[in-house]
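All remarks here apply to the structure that follows.
In the working numbering, the protein residues as written are 25 to 413.
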């Protein structure tokens, strides 16, 4: 089941009921990710409501279709439209496999194939290598920054990098590294951390510890000495800019969309997002899809790690990530079941997820997969990858 701006919904087919008198059929199914009930109803009658048709070959002229259709999804709601027979998309007329095909199918388990065919690989990324050094890569050129740092953020044009350097817990500094000059410049110092670029790369948001609380601040990159407080509330983490006027923050109780005027535009209890399987933690990250503000990529701590998920030897905890749809509250687990998975990040086109993964032996590496959970591959040795362009 495909929807614009969202990963496809895998369905498990069930029974089909046929109303002969009305020439209508209802196909029952189940959402494979959530277990929600799905019903697709087709009626043979002329339909002209279709606004577009991405199937090939060219759809019927004048928008005339032979079937009217409706879809009922227990979480996503109702969809209505037109339908047509598209047998050309399924060229095998005889759907009964011969003996040879049947034997091959038993020997080889089916390999999942992603529906993503047109995606863009990142051009500019940064991450921490196994030696603890920052690697800033743009195209085929790689720079290793001499200074150690964390909390990386690459500008949207892929040419600059923000990072936090810590001399001691109460003395941190946010630096700007320029790829062209290969120089780092200190922007702000003190009890500061978690810098994020604005969409136009002209400003940066960061967290500052003042009077016993962490607050949201921002500053122009060209004049960081003019930094000002944005939001007086106590926060735990910043999760990036949603748009030019809105920054996403959390306080372990709720996820808040804070405007640059200091008001809360929207707030969602974290319990609603995390559900019963995950818990609130300062290690959690929330990333808004770059093209769909309704879709979140959430990395969080398992309350009770499922069997097979590697756990921390000291705390017994495990980490994983999932997709969350704000309007429908649909939650889809993406992280591999055999990995300690964290720091999920979207590619700029939104079709890929990059994350830091570790096996039971704590061998860390950066991996990526498509947003439908298919195509898992190792990307690089290291941790904490972020994407600029």
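Ideal placement from N, C-alpha and C gives every residue a C-beta, glycine not left out. Just so we're clear, the structure is a prediction, and the values are computed from it rather than from any experiment.
Classify residue i as helix, strand or coil using the three-state DSSP reduction.
i           : result
residue 250 : helix
residue 64  : strand
residue 400 : coil
residue 198 : strand
residue 55  : strand
residue 157 : strand
residue 183 : coil
residue 80  : Here the model assigns residue 80 a pLDDT of 48, short of 50, so the residue's position is not dependable, and the following value carries that caveat. DSSP places residue 80 in coil when its eight states are reduced to three.
residue 328 : coil
residue 315 : coil
residue 39  : strand
residue 336 : coil
residue 192 : strand
residue 295 : helix
residue 304 : coil
residue 276 : coil
residue 152 : strand
residue 345 : strand
residue 117 : For residue 117, the pLDDT reaches just 49, beneath the cut-off of 50, and the residue's location in the model is therefore unreliable, leaving the point undetermined.
residue 211 : strand
residue 290 : strand
residue 146 : coil
residue 417 : Here the chain comprises residues numbered 25 to 413, so residue 417 is not present and cannot be evaluated.
residue 438 : Not covered by the structure: residue 438. The range shown for the chain is 25 to 413.
residue 139 : coil
residue 89  : strand
Taking just the CA atoms, how far does residue j sit from residue i?
i           : j           : result
residue 233 : residue 99  : 41 Å
residue 325 : residue 339 : 11 Å
residue 151 : residue 410 : 6 Å
residue 321 : residue 182 : 22 Å
residue 297 : residue 343 : 15 Å
residue 398 : residue 256 : 42 Å
residue 189 : residue 384 : 30 Å
residue 283 : residue 345 : 27 Å
residue 36  : residue 308 : 31 Å
residue 166 : residue 201 : 13 Å
residue 350 : residue 318 : 5 Å
residue 145 : residue 371 : 8 Å
residue 359 : residue 46  : 45 Å
residue 43  : residue 70  : 17 Å
residue 222 : residue 382 : 31 Å
residue 277 : residue 263 : 15 Å
residue 268 : residue 109 : 45 Å
residue 39  : residue 50  : 8 Å
residue 279 : residue 105 : 35 Å
residue 281 : residue 180 : 21 Å
residue 412 : residue 203 : 12 Å
residue 107 : residue 27  : 15 Å
residue 193 : residue 306 : 16 Å
Can you tell me which of the options puts its alpha carbon nearest to the alpha carbon of residue i?
i           : options               : result
residue 386 : 374, 406 and 392      : 406
residue 174 : 182, 162, 183 and 155 : 155
residue 368 : 235, 394, 352 and 29  : 394
residue 237 : 366, 261 and 33       : 261
residue 206 : 196, 220, 186 and 224 : 186
residue 41  : 63, 56, 57 and 26     : 63
residue 171 : 300, 366 and 208      : 208
residue 48  : 65, 230, 391 and 57   : 65
residue 287 : 359, 272 and 396      : 272
residue 400 : 413, 373 and 363      : 363
residue 159 : 142, 266 and 177      : 177
residue 392 : 413, 141 and 365      : 365
residue 403 : 413, 195, 396 and 380 : 380
residue 275 : 72, 259, 289 and 390  : 259
residue 141 : 390, 413, 374 and 89  : 374
residue 101 : 90, 136 and 60        : 60
Does the beta carbon of residue i fall short of 7 Å from some heavy atom of the ligand COA?
i          : result
residue 41 : With respect to the ligand COA, the structure shown offers nothing to examine, as it has no ligands at all.
For residue i, which beta-bridge partners are listed by DSSP?
i           : result
residue 232 : 216 and 239
residue 96  : 63 and 102
residue 255 : 240
residue 271 : 265 and 282
residue 321 : 311 and 347
residue 172 : 157
Taking 8 Å as the CB-CB cut-off, is residue i touching chain C?
i          : result
residue 43 : Of the chains in the structure shown, none is chain C; there is only one protein chain.
Legend entry - beta strand (DSSP E) runs wholly inside the stretch 356 to 399, at least 3 long, in chain order: 364 to 370, 376 to 382 and 388 to 394
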